[in-house]
Ligand SMILES: NC(=[NH2+])NCCC[C@H](N)C(=O)O
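In UniProt numbering, the protein residues as written are 1 to 409.
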């Protein structure tokens, strides 16, 4: 008698909330792109330090292992991108996005394109993620003025160290994926990679798109799916008011939401995204940076019958959110910290938790006080170390893009 092996079925891509049991997630294991960081370029590349890459990889592997041990399927960007580049259209598009003719000049851009076209998929993936210096270009390519005048260590293809933060470059809302529009020049090309994966990887062949080819800036770290049909969008250093407005229009037009709360956040690095100051830890609870708890506000946006947008508020965030979610109260778990500890732990992404299920979150272990208060409030905290990962200013939520969550019962 033969035993039939039934292959594991991938859960369908669909995300309706921040806390529904997590089934599948997109991560990026940091690689050689982090080795491009130097004290001269780290500010521009949005890192606050120079990570020890091997250790960052170990920490990331432990994060992925924790998720797997909890039954979450972990997909990695590099693997998906390698499969994706088997399609010649994907290769051409990836190369097109990586070669900046304006910076390289016609001569060198042509030479670089033909060089990249000839590379095997695995090497091309490496170049698309880690970039390429002028020195690394084969000597035969492009005897251009640009090449002669640039420093050998300058980048012919810029590296993408922030790929690690998969949260920001695509977002699932319901059964559709939105490719975001990233604000900072150092990150813009990341969306060409997510775009290719969702367009050409067989796994996502049937995925519908949200937010079309809009260009007003919206980053995934600013978008919280508070409840099915209710989104909060932070507006600050990254997502602009125009971005929040056009994202709202688009999710309304697609019937993916009935309310979007536009939430002003301070325009500074410490609070670059809404998820740096507030993340959901349960169906009716958030962990929030205490300093903003009383002042955070929201402009509720709703569709009008004729395809327009009604803008209300501003109203206190917690009240507006609870009303839109149809619950009596959205609890902001009081981490009860003194202002200095709160500020230190917020900086280290203490408020940036990833929910694996209602009341179960992944958090950086270093934020001892915040984690203790979460536990005192009945939240299960799964700790990971992030001493090296954290130098990019991102925690467990930033480093993960949920592809599939179960509905909340
Ligand atoms: N969702 C987030 N909070 N992402 C953090 C992104 C950090 C990254 N270095 C940046 O500045 O863009």
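The C-beta atom is built at its ideal place from N, Cα and C for all residues, glycine as well. Here the structure is a predicted model, which is why all the values come from computation and not from measurement.
So what does DSSP say about residue i, is it helix, strand or coil?
i           : result
residue 94  : helix
residue 6   : Note that residue 6 has pLDDT 48, beneath the 50 cutoff, so the model's placement of it is unreliable and no number is given.
residue 195 : helix
residue 113 : helix
residue 339 : helix
residue 284 : coil
residue 264 : strand
residue 379 : coil
residue 1   : Low local confidence applies: a pLDDT of 44 at residue 1 is under 50, so the model's placement there is unreliable, with the coordinate-based value given in what follows. Looking at residue 1 - three-state DSSP - the assignment turns out to be coil, as it is neither helix nor strand.
residue 125 : helix
residue 354 : strand
residue 364 : strand
residue 322 : helix
residue 332 : strand
residue 155 : strand
residue 416 : Since the first and last residues shown for the chain are 1 and 409, residue 416 lies out of range.
residue 200 : helix
Verify the contact flag: residue i, CB atom, against every heavy atom of ligand 1, threshold strictly below 6 Å.
i           : result
residue 276 : yes
residue 231 : no
residue 282 : no
residue 60  : no
residue 392 : yes
residue 348 : no
residue 247 : no
residue 168 : yes
residue 367 : no
residue 163 : no
residue 46  : yes
residue 421 : The question about residue 421 has no answer, for the chain in this structure spans 1 to 409.
residue 131 : no
residue 401 : no
residue 221 : yes
Exposed or buried, what is residue i when buried is set at 16 or more other beta-carbons lying within 10 Å of its beta-carbon?
i           : result
residue 294 : exposed
residue 61  : exposed
residue 335 : buried
residue 6   : Confidence at residue 6 is low in this model, with a pLDDT of 48, below 50, so its placement is unreliable and the value that follows should be read with caution. Its Cβ having fewer than 16 others within 10 Å, residue 6 is exposed.
residue 94  : buried
residue 365 : exposed
residue 285 : buried
Can you tell me which of the options puts its alpha carbon nearest to the alpha carbon of residue i?
i           : options               : result
residue 209 : 232, 202 and 177      : 177
residue 30  : 224, 387, 165 and 296 : 165
residue 393 : 215, 234 and 277      : 277
residue 375 : 269, 32 and 359       : 359
residue 187 : 238, 252, 344 and 120 : 238
residue 395 : 373, 354, 181 and 381 : 354
residue 250 : 264, 265, 231 and 267 : 231
residue 132 : 57, 37, 195 and 406   : 37
residue 78  : 121, 341 and 204      : 121
residue 315 : 270, 361, 169 and 264 : 264
residue 461 : 197, 241 and 275      : The structure shown does not extend to residue 461, since the chain is modelled only from 1 to 409, so the question has no answer here.
For residue i and chain D, any beta-carbon pair shorter than 7 Å?
i           : result
residue 126 : Structure shown: chain D not included; a single protein chain is present.
Go through the stretch 13 to 86 residue by residue and report every complete run of the alpha helix (DSSP H) that reaches 4 residues or more, in order. 53 to 69 and 77 to 84
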